């Protein structure tokens, strides 16, 4: 009773803004040892954080500080109610400096985003293709059909185009930026080698709050791509990756007639646990109701994170419910980001199948 009286006397109300506004970190916490406790029933745990650190993106580097420890607790939200004794034990261990430490990637190891595309390896490089850079848009052209944009031949023979949309969030200070990652250069060159224009768009999805801005930038890039003299603006495919999957929402909800196909590789199709800062508008599963007969080519990684795989399964079920034109391509032994992580034949085969489907719809 004495302890309860003390707790009541010294307690202060929780600031309402902590429940209604996104948490903005100031960096002040780095001055003291830090512990993170994951309630794993929500889908997030130490393994997921280790995967993010393993991506090599600099925003996750602070999590490898030896003063930062982590614990998994097998329960849901409000562990002080569901598992009070276990939580108290973890807090005591945290105060004693215990907890799982996450090791940084080996210094000599390239981060996954800097590794070569499986189809564009140093020992088997793709041929270089003419590239044109316009603002945040890069276009790769078939070498044997590249003409100046204002030439009569270019105007008379425009080509279909595939726009590759990178994922995220990607920290603003990452260098090189996604348009110059080997993965997207490889996709652009590979598309050009198949006789269409491959394009990449660089958008500013720097954090979870930036999805509306990224969506606007992608829409503007699509307009610029369709307006290019070398591009057949009535034959466009959009191809999304990873965290860019949420950006499929508007294109699924109201697909324009010129959008011949929407492709997605290991996409995140629902906000992940802890992604409450994402604007609620971005929900591809709900958008499927408006997809109509838009062809959708979805490539799934068999070794996907559980939360991502669950969202993909929900999307597939909704596609079946709405009788969407969904084609599934599976990579059973592929990880999230398999183009640079898994240099195996089944990845090559899956990419080739996905391209064959996209090109079939583009040229129909």
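Residue numbers (my numbering): 595 to 958.
We treat Cβ as the ideally placed atom computed from N, Cα and C, and that holds for glycine.
As the structure is a computational prediction, the values presented were derived from the model and not from experiment.
Cβ-Cβ separation between residue 909 and residue 863: approximately 4 Å, consistent with a contact (criterion under 8 Å).
Each of 902, 597 and 858 was checked against the Cα of residue 636, and the nearest Cα belongs to 902.
Approximately 6 Å separates the beta-carbon atoms of residue 899 and residue 930; this is inside 8 Å, confirming the contact. With fewer than 16 other CB atoms across the displayed protein chains lying within 10 angstroms of its CB, residue 621 is exposed. Put simply, the backbone Cα of residue 802 is about 33 Å away from that of residue 735. Burial is judged here by how many other beta carbons sit within 10 angstroms of a residue's own beta carbon; residue 860 has at least 16 and is buried. The three-state secondary structure of residue 805, taken from DSSP, is helix.
Taking the Cα positions, residue 916 is about 6 Å away from residue 883. Here DSSP, grouped into helix, strand and coil, assigns residue 782 to helix. Around the CB of residue 945, 16 or more other CB atoms lie within 10 Å, so the residue is classed as buried. Our two residues, residue 655 and residue 647, have alpha carbons roughly 7 Å apart in a direct line.
Boundaries of the alpha helix (DSSP H) harbouring residue 612: 611-614, taken from the DSSP string.
For the pair of segments examined, the stretch 802-817 was found not to touch the stretch 933-948: the number of CB pairs separated by less than 8 Å stays below three.
Taking one beta carbon from each stretch, the stretch 684-701 and the stretch 624-631 have 3 or more pairs nearer than 8 Å; the two touch.
Only buried fits residue 933, as 16 or more other CB atoms lie within 10 angstroms of its CB. In its chain, beyond the 5 residues on either side, 707 have a beta carbon closer than 6 Å to the beta carbon of residue 775.
Counting the other CB atoms within 10 Å of its CB gives residue 697 a total below 16, which places it among the exposed residues. 9 Å or more divides the Cβ of residue 785 from the Cβ of residue 797. Taking the Cα positions, residue 836 is about 52 Å away from residue 595. Put simply, the backbone Cα of residue 906 is about 15 Å away from that of residue 919. Taking the CA atoms as reference points, residue 673 sits about 16 Å from residue 867. Rounded to whole angstroms, the separation of the alpha carbons of residue 952 and residue 795 is 18 Å.
Residue 924: member of the beta strand (DSSP E) spanning 919-925, first to last residue.
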